[in-house]
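The next block holds one structure in the form of structure tokens; read it before the comments.
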Amino acid sequence: MLPFRYGPLNLLFRRVRNIETNKTSQKPIIEIKDLGKTFRPKSGEVKALEGINLSINQGDIYGIIGMSGAGKSTLVRCINLLEKPTSGSVFIDGQDISKITEKELRTVRYSVGMIFQQFNLLMQRTAEKNILFPLEIAGVDKDAAKKRTAELLELVGLPDKAKAYPSQLSGGQKQRIAIARALANNPKILLCDEATSALDPSTTSSILKLLKEINQKLGITIVIITHEMSVVEQICSHVAIIDKSKIAEDGEVEDIFRNPKTEIAKKMIFSEGDQDPVVMGKNTYRIVFDEKSSSDSVMAKMVLETKCLVNIIHADMKNIDGYRFGQMVIQLPEDELSAARAINYLRSHQITVEEVGTHVG
Amino acid sequence: MWDSSMTALIVQGTFETLYMTLMSTLLAYIIGLPMGVLLVTSDSEGIVPMKMTNKVLNIVVNITRSIPFLILLIAVIPLTRMITGTTIGSTATIVPLVIAAAPFIARLVESSIKEVDYGIIEASLSMGASPIQVVTKVMIPEAKPSLIIGAAIATTTILGYSAMAGIVGGGGLGDIAIRFGYYRYETGMMVITVVLLVIIVQLFQEVGMKIAQKQDRRK
Ligand SMILES: Nc1ncnc2c1ncn2[C@@H]1O[C@H](COP(=O)(O)OP(=O)(O)O)[C@@H](O)[C@H]1O
Ligand SMILES: [Mg+2]
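Going line by line, the protein sequences match chains V and Z. Residue numbers for the first sequence follow our numbering, beginning at 1 and rising by one. Residue numbers for the second sequence follow our numbering, beginning at 1 and rising by one.
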């Protein structure tokens, strides 16, 4: 009896994915090795990052998720060295940027765009002049810069806002201008630190869609920092879960989602948004199924065939990177035999079943 | 007792006051603006931390700021004579005015630039801006409205100092007020100079605020 993640359907998914990723070649564009960062404010030492190892391939949309204070911002700021690591190294396109001069670093930064939760647009410049800014910094000639600015306004869908000041734009529009600005010098990488955390859900979706489009059209590798699992689900291909300054788990989003190994991963998957945490009793299991198995209404058949009564505690559907998944938390009877029958039934129908601890969520 | 020579005196005094004030403000900014910028950038939290420079700069600014202007005016007389060749008249007064105003302006500039959201500075660093580019393309332009208000405050403060220089024959309206109002009890002359000084201060203040408001794109 194979667990579902090695099932035929999943293999098919993988094959499709590999064809996709082969196009952009599996070469790490960002490599983080043994990274550590300790802040030493007067109030004492803060270990913000410890022993971080990450490898991000070209063309990935890589999510880094964790609770507030976990070290996400520090980690992303180490990727362009806005924060100097205390130990370890960061490789961009094979170059160890912790060993280069300030001047060389500035050139590397032309090719690593960044956007922020608070947008950080220049308030005294119009939208157009904001996009022009990185081109001025890089010394691009005026005519080429003007042309590029117009293209970018088009790309983010705001050509009519060229002359508007940031204070005259909505949050979503500001972030679009910030994205255009970050893309001005044709970067290979785009870093996003909580880029949608100040936006409402529908604006968040539209910004995420734009990022995905940019990833697909331009082949730019995107690193997304967030505390919301829904952001990861919507666009990331890979995810690293960071907890208390360390990486708890990392891998492909569907694998982590299907089979979270660590407590923190389970917690991130369950406690979405402001939903009440799921209360776990004894004999609680989490099951994950895909579109096919859910349409077969496996649950109903399982109850009929095994005569095992289940208590559904929580259920929802998710759309992860284009595939629909359902997850359910169920409680099985205390009678071990009928519980085992139910589990066997589900597993034989290629559904992932795992026992969850009482303190998840 | 009023005659045309008095009118001529008042007109000349007004011009002297304006000349002293504006010239001193300009020269004091040439020194104070870079000092203010350096105070921010060299700070331990700044974009180019320079511990010693920052410390020395702070000490110099604090010491100069704590000397009362009237005393500074007299204390720098040798320097004034060295630079201008005289110790009386409006050109001579510019020397102590600049020395007193530059550190004051440095503090004004420092606080204006500190108002710029650090996130914006960080964003520009993330785009590969050099420290010079951050100063000229981000810090100063983003702080512009606040810097203009600061300049209006600086100008009026310098105007006030310039009137004080009248005590040592510094020229301008302050000089007239002291000569006629204090030594000769000619109240009429006194009132006219006071009214003129008030009008000039108001004018600088108003114009400064208007420009600052117009330049402010934050709302
Ligand atoms: N400049 C700093 N000085 C001191 N401590 C800091 C600094 N920046 C971040 N920290 C600390 O490092 C830890 C991680 O912060 P951060 O990376 O911002 O977390 P996150 O983005 O995941 O919320 C926190 O405990 C925070 O207080
Ligand atoms: Mg953060």
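Glycine residues also receive a C-beta, built at the ideal position from the N, C-alpha and C atoms. On a predicted model such as this, the values are computed, not experimentally measured, just so you know.
Selected residue, minimal CA-CA separation from D200(V), among P187(V), R324(V), G172(V): G172(V)
is_contact[P41(V), chain Z] using C-beta, thresh 8 angstroms: no
Which of helix, strand or coil DSSP assigns to A150(V): helix
C-beta neighbour in chain Z for N311(V), strict 8 angstroms: no
Partner residues on chain Z for P134(V), Cβ-Cβ distance less than 7 angstroms: M127
Counterpart residues of A248(V) in DSSP-defined beta bridges: DSSP output for A248(V) lists no bridge partner at all.
Rounded distance between the beta-carbons of M20(Z) and I94(Z), thought under 8 angstroms: 6 angstroms
First through last residue of the alpha helix (DSSP H) which encompasses V239(V): V239(V) -> not in any alpha helix (DSSP H); beta strand (DSSP E) instead, spanning 238 to 243.
Residues in the region 104 to 132 of chain V having any Cβ partner in chain Z nearer than 7 angstroms: R106, T107, R109, Y110, M114, F116, Q118, N120, L122, M123, Q124
Closer than 8 angstroms to chain Z by CB, A138(V): yes
Nearest residue (CA-CA) to R40(V), options N57(V), G59(V), K27(V), K84(V): K84(V)
Assigned secondary structure, Q331(V) (DSSP; H/G/I helix, E/B strand, else coil): strand
Interface flag, L82(V) vs chain Z, CB-CB below 8 angstroms: yes
Neighbourhood of N366(V) by C-beta distance below 6 angstroms, restricted to the same chain and skipping five residues each side: With chain V running from 1 to 361 in the structure shown, residue 366(V) is simply not present.
Straight-line gap, G181(Z) to T17(Z) (C-alpha atoms, nearest Å): 17 angstroms
Reference L70(Z), options I113(Z), G166(Z), I59(Z), closest by Cα: G166(Z)
Check: K99(V) C-beta below 7 angstroms from any heavy atom of ligand 1: no
Length of the line joining the Cα atoms of I224(V) and K37(V): 20 angstroms
Segment limits, beta strand (DSSP E) that includes V221(Z): In the structure as shown, chain Z starts at 1 and stops at 219, and residue 221(Z) therefore has no counterpart that could be examined.
C-beta contact flag for G71(V) and S245(V) at 8 angstroms: yes
Contacts that Y165(V) makes with chain Z (C-beta to C-beta distance below 9 angstroms): R217, R218
Candidates F15(Z), I105(Z), T14(Z): closest to N58(Z) by CA position: I105(Z)
Within-8 angstroms CB hit, K144(Z) to chain V: yes
Euclidean distance between Cα positions of I287(V) and E233(V): 17 angstroms
Check: V46(V) C-beta below 7 angstroms from any heavy atom of ligand 1: yes
Beta-carbon separation (whole angstroms), S44(Z) vs K51(Z), contact threshold 8 angstroms: 7 angstroms
Cβ neighbour criterion (16 or more within 10 Å) applied to I132(Z): exposed
Contacts around Y285(V), its chain only, beta-carbon distance under 6 angstroms, and the 5 residues preceding and following it disregarded: I330, V353, E355
Candidates Y323(V), Q327(V), C308(V), L309(V), of which the one nearest D316(V) by Cα: Q327(V)
Which listed residue (G150(Z), T80(Z), S66(Z), I200(Z)) has its alpha carbon closest to that of A163(Z): I200(Z)
Short Cβ contact (8 angstroms threshold) for E142(Z) with Q124(V): yes
Touching by the beta-carbon criterion (3+ pairs, under 8 angstroms), the region 173 to 180 of chain Z and the region 2 to 14 of chain Z: yes
Own chain residues within Cβ distance below 8 angstroms of V98(Z), not counting five before or after: S24, L27, A28, I31
Exposure of T156(Z), with buried meaning 16 or more beta-carbon neighbours within 10 Å: buried
Residue span of the beta strand (DSSP E) that contains G113(V), given as start and end: 112 to 116
C-alpha gap between K137(Z) and A151(Z), whole angstroms: 19 angstroms
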